[in-house]
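One structure below.
Residue numbers (the working numbering), protein chains in the order written: chain A, 429 to 491; chain B, 14 to 720.
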């Protein structure tokens, strides 16, 4: 049977493997999903796409 | 979390204001509500679900009749409300939901929530008691009888209760699910589409292949998300069909069809009687002018007869004879010469003849009147026969018809109409009741239906088993095609930025998918641990409960490999442990979700009775034989620090044995026309349980505390 460290470690590994932009993206998505948990989440996909694009441009030095 | 009070106004059978104060003493965790059938035990359970969620348990009748019918009779705008007061980690929450007789028809409800007396919103309550847990915290009696967890040899088949959903709700797992879902949709965003000003057929082809693969993956993931719900529904349907098939008897089906035909024919015959009664009444009404003219006609004929007797009617001699006699001076009839006296008499007669012309009209009138009277007589006989025939057919008490007039016939006919209408209503009621009884679909035997449903369930189960592998394959394919697309698009900077953004989203989605899967996997482990602890608290036997990937449960002897056959009471205790485990996990998970530590702490949660949330168990011993009841009742106080149990007083002595654990006892007193006068004896004292009252239509219930 797995224990808590297994899950925590597994998620830690997944998080460590994320590129810096993806880490920022995960934090951004979590914050938005919590903020709109009981609200209208319809516009979120577009918002995520724009945010991901912004992060990509920033990483590329375009912004 | 503990419920403090439940207040009701005009809720269903509960007329006026009622209040239940729940026991909050950990050592006396049970609040017992004893109520006869029809008193409103299920209505009480639904007071919780409606008050908290504006929802009802499955099978709750008449959700558009919430306001007590007697209250509506007095005031057509009467209102009902349910108010729950509970405390949670030192805060006091109050939620009151209300509606009235008119608004209830359109499910128009108002809700008022406060936290420590300050205005709050429903979400504040639902964060503590998520909607997904409604069926677990407020468990209906029917589910005790039908839960697949209780079925012989079916423990491994799982349960229709979606524990996975409940656990996700408690852990705010929906946040992770929605995150993955919204990122999946973000892939389709216009912002990430290839730049319009760059044309390259190779990139275009790579993009098309990637998009196609991503769409297939999205569809497979959406389908996978739907599968648990579909499986739960299919499992329920298959179990129900299996139960019906087990009881299937072709002879009974034939009898059912014959009875259907008989009742259908009865309705048609009653319809014909009712139509005939109404038509005959119309016929009578069309002829009523004869009834009203009858006296005038008789009086006219009588008067004309008198006139004739008095000689006012015309003499029976023609005026031409008299004219010729006077002209010739000889009688035109016998030729004899007229004397002076004779001449005078003939002249007198001649003057009468002139005045009698009017009297001739009187004669003609009398003939007409007599014809009218004859017709009236014939019509009266015809109507009398028809009414008589109808009255006999409808078994209506009738006076002797000889000499009866239309007034009497009208009165008899009105009785016939009343009887025919009520017989028709009764026939329709019987037919409707019969039609409401479960009947297999036309043309298919219940066995065929059960087989079809099982086949569908098997197909879904197979799909569920293979879906993870299929998604993994599709995911690899998407990765491969995306890498190809990204590589080829690297030639253009504008293109590369877009593919890089997609890459970032894919990484984020992978994170959320892992989190979601982990929450389910480790939540299942927490649940398995909790149900084992709970079950061992209830029953001191070396059993081990295993929870499958789909939250199905199996019971083994500790260390054994073969599932154990369980007794009736053991099965009910497994189900109660199942509910108790969730109620014990609920406060721990709520705290974890609040601290947003789901990914750190899930999978290592310890549960105990002391912190568990309360549950309301409607008639938990209903599927049990008497001999098993005591086992379950004596185990209940060990389940949670607060339990609310509406139950019938059938086995009150069994409950008396745990009286030390009962913090509050109420009797739901039923008063109705159909009830019998009964008392419930608790600790040697009698309390009214039900009372017969011809005036109590509809039935009413009041809640009285006895301990």
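Ideal Cβ placement from N, Cα and C applies to all residues, glycine included.
All figures in this text were calculated on a predicted structure; none of them were measured in a lab.
8 Å Cβ cutoff, residue i in contact with chain A
{"i": "residue 101 of chain B", "result": "no"}
{"i": "residue 196 of chain B", "result": "yes"}
{"i": "residue 612 of chain B", "result": "yes"}
{"i": "residue 288 of chain B", "result": "no"}
{"i": "residue 199 of chain B", "result": "yes"}
{"i": "residue 235 of chain B", "result": "no"}
{"i": "residue 548 of chain B", "result": "no"}
{"i": "residue 511 of chain B", "result": "yes"}
{"i": "residue 188 of chain B", "result": "yes"}
{"i": "residue 202 of chain B", "result": "yes"}
{"i": "residue 163 of chain B", "result": "Reliability fails at residue 163 of chain B, whose pLDDT of 48 lies under 50, so the model's placement of it is uncertain and the value that follows must be treated cautiously. No - not a single Cβ of chain A is within 8 Å of the one on residue 163 of chain B."}
{"i": "residue 717 of chain B", "result": "no"}
{"i": "residue 520 of chain B", "result": "yes"}
{"i": "residue 122 of chain B", "result": "no"}
{"i": "residue 535 of chain B", "result": "yes"}
{"i": "residue 531 of chain B", "result": "yes"}
Residue i, DSSP secondary structure in three states
{"i": "residue 730 of chain B", "result": "Since the displayed chain B opens at 14 and closes at 720, residue 730 of chain B lies outside it and no answer follows."}
{"i": "residue 103 of chain B", "result": "coil"}
{"i": "residue 15 of chain B", "result": "strand"}
{"i": "residue 398 of chain B", "result": "helix"}
{"i": "residue 466 of chain A", "result": "coil"}
{"i": "residue 421 of chain B", "result": "helix"}
{"i": "residue 133 of chain B", "result": "strand"}
{"i": "residue 341 of chain B", "result": "helix"}
{"i": "residue 387 of chain B", "result": "helix"}
{"i": "residue 715 of chain B", "result": "strand"}
{"i": "residue 598 of chain B", "result": "helix"}
{"i": "residue 91 of chain B", "result": "coil"}
{"i": "residue 437 of chain B", "result": "helix"}
{"i": "residue 566 of chain B", "result": "strand"}
{"i": "residue 49 of chain B", "result": "coil"}
{"i": "residue 114 of chain B", "result": "coil"}
{"i": "residue 485 of chain A", "result": "helix"}
{"i": "residue 696 of chain B", "result": "coil"}
{"i": "residue 267 of chain B", "result": "helix"}
{"i": "residue 79 of chain B", "result": "coil"}
Distance between beta carbons of residue j and residue i, contact taken as under 8 Å
{"i": "residue 612 of chain B", "j": "residue 543 of chain B", "result": "Their Cβ separation, rounded to whole angstroms, is 19 Å, which puts residue 612 of chain B and residue 543 of chain B out of contact at 8 Å."}
{"i": "residue 635 of chain B", "j": "residue 60 of chain B", "result": "Going by Cβ atoms, the distance from residue 635 of chain B to residue 60 of chain B rounds to 19 Å, so no, they are not a contact pair."}
{"i": "residue 511 of chain B", "j": "residue 216 of chain B", "result": "About 11 Å; that fails the 8 Å criterion."}
{"i": "residue 17 of chain B", "j": "residue 142 of chain B", "result": "With 8 Å as the limit, residue 17 of chain B and residue 142 of chain B do not qualify as a contact, their Cβ atoms being about 14 Å apart."}
{"i": "residue 625 of chain B", "j": "residue 596 of chain B", "result": "5 Å"}
{"i": "residue 233 of chain B", "j": "residue 483 of chain B", "result": "6 Å"}
{"i": "residue 469 of chain A", "j": "residue 231 of chain B", "result": "Their Cβ separation, rounded to whole angstroms, is 17 Å, which puts residue 469 of chain A and residue 231 of chain B out of contact at 8 Å."}
{"i": "residue 108 of chain B", "j": "residue 138 of chain B", "result": "5 Å"}
{"i": "residue 440 of chain B", "j": "residue 279 of chain B", "result": "5 Å"}
{"i": "residue 54 of chain B", "j": "residue 627 of chain B", "result": "That belief does not hold up - the Cβ atoms of residue 54 of chain B and residue 627 of chain B are roughly 17 Å apart, past 8 Å."}
Proximity test, Cβ basis, 8 Å: residue i and chain B
{"i": "residue 461 of chain A", "result": "yes"}
{"i": "residue 437 of chain A", "result": "no"}
{"i": "residue 444 of chain A", "result": "no"}
{"i": "residue 450 of chain A", "result": "yes"}
{"i": "residue 477 of chain A", "result": "yes"}
{"i": "residue 487 of chain A", "result": "yes"}
{"i": "residue 468 of chain A", "result": "no"}
{"i": "residue 483 of chain A", "result": "yes"}
Residue j beta carbon less than 8 Å from that of residue i
{"i": "residue 375 of chain B", "j": "residue 320 of chain B", "result": "yes"}
{"i": "residue 135 of chain B", "j": "residue 124 of chain B", "result": "yes"}
{"i": "residue 643 of chain B", "j": "residue 683 of chain B", "result": "no"}
{"i": "residue 352 of chain B", "j": "residue 344 of chain B", "result": "no"}
{"i": "residue 548 of chain B", "j": "residue 586 of chain B", "result": "yes"}
{"i": "residue 282 of chain B", "j": "residue 434 of chain B", "result": "no"}
{"i": "residue 411 of chain B", "j": "residue 304 of chain B", "result": "no"}
{"i": "residue 533 of chain B", "j": "residue 177 of chain B", "result": "yes"}
{"i": "residue 229 of chain B", "j": "residue 487 of chain B", "result": "yes"}
{"i": "residue 29 of chain B", "j": "residue 681 of chain B", "result": "no"}
Proximity to residue i [Cα-Cα], best of the options
{"i": "residue 396 of chain B", "options": "B/526, B/382, B/417", "result": "B/417"}
{"i": "residue 622 of chain B", "options": "B/335, B/590, B/520", "result": "B/590"}
{"i": "residue 435 of chain A", "options": "B/472, B/539, B/264", "result": "B/539"}
{"i": "residue 473 of chain B", "options": "B/240, B/604, B/56", "result": "B/240"}
{"i": "residue 254 of chain B", "options": "B/462, B/291, B/609", "result": "B/462"}
{"i": "residue 478 of chain A", "options": "A/442, A/438, A/457", "result": "A/457"}
Subject >> Residues of the region 55 to 85 of chain B with Cβ closer than 9 Å to any Cβ of chain C, in chain order >> reply: Of the protein chains in the structure, A and B, none is chain C.
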